[in-house]
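Engineer: One structure is given below, represented as structure tokens, and several questions about it will come after.
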Amino acid sequence: MLTFLASVGAAFFAFLAATGRLVRFALLGLAAAFAPPFYPRLILRQIVAIGYYSLPVVGLTAIFTGMVLALQSYTGFARFNAESAVATVVVLSVTRELGPVIAGLMVAGRVGAAMAAEIGTMRVTDQIDALTTLSTDPFRYLVLPRLLAGLITLPLLVVVADIIGVFGGYIVGTYKLGFNAASYLTQTETYLERMDVISGLVKAGVFGFIVALMGCYHGYHSRGGAEGVGNATTHAVVSASILILLSNYLLTTAFFGSK
Amino acid sequence: MSDGAVPKIAVHGLEKSFGPKRVLDGLDIDCGVRESLVIIGGSGTGKSVLIKCILGLLHPEAGSIRIDGVETVGMPRGERTRLMQKFGMLFQGSALFDSLLVWENVAFGLIQGRGMERAKAREIALTKLAAVGLGAEVGELRPAELSGGMQKRVALARAIAAEPEIIFFDEPTTGLDPIMADVINDLIIKCVRELGATAVSITHDMVSARKIADRIAMLHRGKIVWSGPAEDVDDSGNPFVDQFVHGRAEGPIQMEVRAL
């Protein structure tokens, strides 16, 4: 029994220590934003890497999600003659939840892994130490541009995902389920509130920050050559995905928990 | 090093452990202005750890590291970044930035560290590449397109690009054929002399050590066990140095090798 309690206690303290290291890492990264030199070109490059190159994967997942959502809600609502709610369900689900979460998870898989692999390789080949010896702060040069790019870019991607996702629902609704196009659009517009979109975009900003933070953190602390970089990549994707789902619940509670 | 002068680098009582393994155990060593100090020792004796502590890449648990008489242990990040402008470093694996062109690697410290304009930094980078025997056309290649010897030369050009006061060489000839190793040794001597820099090298290549050192120090079990002029290394009278220089398995240095 004592052994069990000791192992639980040790795991708890290890969790606290890891959380502390992660928070310290994030603060060091953000603190770099308040003093020069700044690297706008690097931020722009990361925005392109995260945003532009993620458009196809986010767009594809969004359109299929919207299409499936329309089909499934129709199937469910048809059981109690509420088919007319399909458009509303699609737009609310996509803007509030599915747009940000699916885009966040896709970007975690594509970009978070790439960040961890790139920074991890730099770590195990001494390139990060080389940065330091060349009077360049790795947090300013490597971490901050990625954190800011994640924070800025994911909301932009989610705007695109929202539009494409709703469009996917519209296609299925009008061409497969037989809804009138004008009434589908009216339903979509009538029940969509500003807060639905804003909450999704705030979530996207948080998810983008999480993806970049996990990619940078695990890459920066990778050890032991190719195996270490592989582990860092896996940890970056898994931890970002879990944190996205956890923070999604917390943010949803914060935005809509009282309603 | 002349008596009474402030050493360029003064390390005293340095201690560094990784878990239960004590790598540096109260290490003391000084390096004079414009001196070329070579630290020899077996693999895993803490040579790289010592250099990383001096550079501030690792934080020692105890001890003092003074550069030009100024204490650097516990120095704030901003001051440390400024101090880094005194240093140049050639890493064992070259550590070139594979996302950048060769000339951008060489000019990196000038552009990012000192805010120099790219055109001017490129001009200096090409001059430094020429100083290590590489043409301007190499500057437009990626590091992955170069051989190991060329990468070492680019890394040397990067280390000297900002004309540092102190240059560290971590195993500069490891992995190179003897001819290329000799080319690198000659370049190190030439660059260090031309810059008037202080050089600290770590190696277990005795040919390289004899060639580039003014003074050689031997590190064993976290301490300097011998230090003296390079010409005395073959006749040091120190059993550790004798065993290492002659590459004998028998002697006071016992390698931790498990029986087959």
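Those protein sequences? They're chains Y and A, same order as listed. Per the working numbering, residue 2 is the first one in the first sequence, and the count goes up by one each step. Per the working numbering, residue 112 is the first one in the second sequence, and the count goes up by one each step. In this text, a Cβ means the ideal position worked out from N, Cα and C, and glycines have one as well.
(1) Is it the case that the Cβ atoms of residue 185(Y) and residue 174(Y) are separated by a distance below 7 Å?
(2) Would residue 112(A) pass as an interface residue toward chain Y - the criterion being a Cβ-Cβ separation below 7 Å?
(3) Report, in whole angstroms, the separation of the C-beta atoms of residue 237(Y) and residue 113(Y), which I expect to be a contact under 8 Å.
(4) Tell me the residue span of the alpha helix (DSSP H) that contains residue 151(Y).
(5) What residue range is occupied by the uninterrupted alpha helix (DSSP H) comprising residue 14(Y)?
(6) With DSSP as the reference, label residue 135(Y) as helix, strand or coil.
(7) Are the C-beta of residue 168(A) and some C-beta of chain Y separated by less than 7 Å?
(8) For the alpha helix (DSSP H) containing residue 125(Y), name the first residue and the last one.
(9) Could you say which of 144(Y), 91(Y) and 100(Y) lies nearest to residue 39(Y) if we only look at CA atoms?
(10) Between residue 64(Y) and residue 103(Y), what straight-line distance do the alpha-carbon atoms span, to the nearest angstrom?
(11) Could you tell me whether the Cβ atoms of residue 136(A) and residue 123(A) are closer together than 7 Å?
(12) Would you list, in chain order, the members of the region 196-221 of chain A that have their beta-carbon closer than 7 Å to a beta-carbon of chain Y?
(13) Within the region 235-290 of chain A, note down every full beta strand (DSSP E) run reaching 3 residues or more, in order along the chain.
(14) Mind checking residue 171(A): buried by the 16 CB within 10 Å criterion, or exposed?
(15) Let me make sure I understand the geometry here. Which of 342(A), 335(A), 341(A) and 340(A) has the alpha-carbon closest to that of residue 351(A)?
(16) Pull up the DSSP beta-bridge partners for residue 198(A), would you.
(17) Residue 269(A): buried (16+ other C-beta within 10 angstroms of its C-beta) or exposed?
(18) Can you list, in chain order, the residues of its chain with a C-beta nearer than 8 Å to that of residue 360(A)? Leave out the 5 residues immediately preceding and following it.
(19) Give the interface partners of residue 142(Y) over in chain A, defined as CB-CB distance under 8 Å, in chain order.
(20) Going by DSSP, which residues form a beta bridge with residue 339(A)?
(21) Unbroken beta strand (DSSP E) runs of length 3 or more, entirely within the region 45-87 of chain Y: which are they?
(22) State yes or no: is the beta carbon of residue 192(A) nearer than 7 Å to at least one beta carbon in chain D?
(23) Measuring alpha carbon to alpha carbon, tell me which residue in 345(A), 302(A) and 316(A) is nearest residue 200(A).
Structural biologist: Answer, in terms of the structure:
(1) As a position in the first sequence, residue 185(Y) is number 184, starting the count at 1. As a position in the first sequence, residue 174(Y) is number 173, starting the count at 1. With respect to the 7 Å criterion, residue 185(Y) and residue 174(Y) are classified as neighbours on the basis of their beta carbons.
(2) By one-based count along the second sequence, residue 112(A) stands at place 1. With a pLDDT of only 49 at residue 112(A), under the threshold of 50, the placement of this residue in the model should not be trusted, and no figure is reported.
(3) Residue 237(Y) sits at position 236 when you count from the first residue of the first sequence. Residue 113(Y) sits at position 112 when you count from the first residue of the first sequence. Their Cβ separation, rounded to whole angstroms, is 5 Å, which keeps residue 237(Y) and residue 113(Y) in contact under 8 Å.
(4) Taking the first residue of the first sequence as position 1, residue 151(Y) is located at position 150. Counting along the chain, the alpha helix (DSSP H) containing residue 151(Y) begins and ends at 145-172.
(5) Counting from one through the first sequence, the residue named residue 14(Y) turns up at place 13. Residues 3-32.
(6) Taking the first residue of the first sequence as position 1, residue 135(Y) is located at position 134. In this structure, residue 135(Y) counts as coil in the three-state DSSP scheme.
(7) What you label residue 168(A) is simply residue 57 of the second sequence in a count that begins at 1. Residue 168(A) counts as touching chain Y.
(8) Position 124 of the first sequence, counted from the start, is the residue given in the question as residue 125(Y). Start and end: 114-125.
(9) As a position in the first sequence, residue 39(Y) is number 38, starting the count at 1. Of the residues 144(Y), 91(Y) and 100(Y), the one whose Cα lies closest to the Cα of residue 39(Y) is 144(Y).
(10) Indexing the first sequence from 1 puts residue 64(Y) at position 63. Indexing the first sequence from 1 puts residue 103(Y) at position 102. Their backbone Cα atoms lie some 11 Å apart in a straight line.
(11) Counting from one through the second sequence, the residue named residue 136(A) turns up at place 25. Counting from one through the second sequence, the residue named residue 123(A) turns up at place 12. No, Cβ-Cβ distance for residue 136(A) and residue 123(A) is not below 7 Å.
(12) 196, 198, 200, 202, 204, 206, 208, 219 and 220
(13) 277-281
(14) Numbered from 1 along the second sequence, position 60 holds the residue referred to as residue 171(A). So residue 171(A) ends up on the buried side.
(15) What you label residue 351(A) is simply residue 240 of the second sequence in a count that begins at 1. The residue with the shortest Cα to Cα distance from residue 351(A) is 335(A).
(16) On the second sequence, position 87 is the one that residue 198(A) refers to. Answer is 277(A), bridged to residue 198(A).
(17) Residue numbering aside, residue 269(A) sits at position 158 when the second sequence is read from its first letter. Buried, because 16 or more other Cβ atoms sit within 10 Å of the Cβ of residue 269(A).
(18) Along the second sequence, read from residue 1 onward, the residue named residue 360(A) stands at position 249. 366, listed in sequence order.
(19) Translated into the one-based positions of the first sequence, residue 142(Y) becomes position 141. What residue 142(Y) touches in chain A: 223.
(20) Residue 339(A) sits at position 228 when you count from the first residue of the second sequence. The partner list for residue 339(A) (beta bridge, DSSP) reads 327(A).
(21) none
(22) The structure shown contains no chain D; its protein chains are Y and A.
(23) The residue given as residue 200(A) occupies position 89 in the second sequence. Out of 345(A), 302(A) and 316(A), 302(A) has the C-alpha closest to the C-alpha of residue 200(A).
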